[in-house]
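Be aware that the sequence shown starts at 1, since it is given in the UniProt record's numbering, and climbs by one per residue. Even for Gly, the Cβ is constructed at its ideal location relative to N, Cα and C. All remarks here apply to the structure that follows.
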Amino acid sequence: MKLHLKFPQKNPNASLVLERILRFLASQSFLTCNITKDDDGNVHTSYNLTPLSQSLISDKDGTSIAPFLLLSTDPVAVNSWFHFKDAILEGELPFNKAHGVHAFEYHGKDSRFNGVFNKAMQNVTCIDMKRILECYNGFQGVKEIIDVGGGLGISLASIISKCPNIKGINFDLPHVIKDAPTYKGIEHVGGDMFKSVPQGELILLKVSIYIYIYNTCYFLSMYHSISFY
1 MKLHLKFPQK NPNASLVLER ILRFLASQSF LTCNITKDDD GNVHTSYNLT
51 PLSQSLISDK DGTSIAPFLL LSTDPVAVNS WFHFKDAILE GELPFNKAHG
101 VHAFEYHGKD SRFNGVFNKA MQNVTCIDMK RILECYNGFQ GVKEIIDVGG
151 GLGISLASII SKCPNIKGIN FDLPHVIKDA PTYKGIEHVG GDMFKSVPQG
201 ELILLKVSIY IYIYNTCYFL SMYHSISFY
């Protein structure tokens, strides 16, 4: 099937533009490119997925890194890059400069972006935890886990599916856990980790790395670089 036939024919150059995009992606090893000739001497070009591009396709569990890519390229995230220099010149967080509030506050004000963020974290967490639980048995024998910054509770749900005797407390900001689904063995608790966290046998910090510079928290993670949080 020819992909360009599925596009609306508003642009007479659609197939040419698509071909240029596909060639570029192949040059970056995102796709493979195969050129063949038929018996009549006509040249045919076909493109196939590589392991990198395959990662954007949902697996049998319905997860992929595509939602994370959408998060990284969302205008809310991209706008912070235009203020990157301010982190050095003015000591300001680029996200705050771009949007007027800290990112944790912004998520609570923008339901659309909060949904984009949650979906990205859900998919990445499912992929990560599946691999972790395939090779790590350190949760055996643990009775209680508090996941600080646990988002929608995906990490705990994955752990408890393998170790059902564990009691889980999923701790995150109130606007985050309000969208968290109900899981057997997991209690969702809202709060602020900078003020206090629930007490328990084991505390899990999966993604967030916090670096304190002059009492300012620079959040490193989500965007593969210095985050604009």
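DSSP bridge partner residues for residue i (one or two, in chain order)
i    : result
L49  : L31
E144 : K167
I186 : G168
H44  : T36
V204 : The amino acid occupying residue 204 in the given sequence is Leu; Val does not appear at that position. Per DSSP, D147.
Nonlocal neighbours in the same chain, by C-beta distance under 8 angstroms from residue i, ignoring five residues either side
i    : result
K143 : N165, I166, K167 and E201
L173 : F104, H107, G108, G190, G191 and D192
Coarse secondary structure for residue i, derived from DSSP in three states
i    : result
T36  : strand
V176 : helix
F171 : strand
I65  : coil
N13  : coil
S158 : helix
P94  : helix
P75  : helix
M193 : coil
K130 : helix
I57  : coil
F24  : helix
L70  : helix
L152 : coil
Residues of its chain near residue i, where Cβ-Cβ distance is below 7 angstroms and the 5 sequence neighbours each way are ignored
i           : result
S225        : Residue placement at S225 is poorly supported in this model, since its pLDDT is 35, which falls under 50; the coordinates are not used for a value here.
S55         : S64 and I65
N137        : none
P198        : I146, I169, F171 and V189
residue 253 : The question about residue 253 has no answer, for the chain in this structure spans 1 to 229.
Spatial neighbours of residue i in its chain, beta-carbon cut-off 6 angstroms, leaving aside the 5 residues before and after
i    : result
A87  : P94
M46  : In the sequence as presented, Met is not what sits at residue 46; that position holds Ser. Correct list, in chain order: N34.
K130 : none
M121 : G151
H175 : G108
S80  : P94, F95, A98 and F228
N114 : H107
Y183 : G153 and A157
F139 : I159 and C163
S58  : S64
Any 3 or more C-beta pairs closer than 8 angstroms across the region 54-69 and the region 126-138: yes
Length at least 3, wholly inside the region 100-126: the beta strand (DSSP E) runs in chain order: Whole beta strand (DSSP E) segments, 3+ residues: zero.
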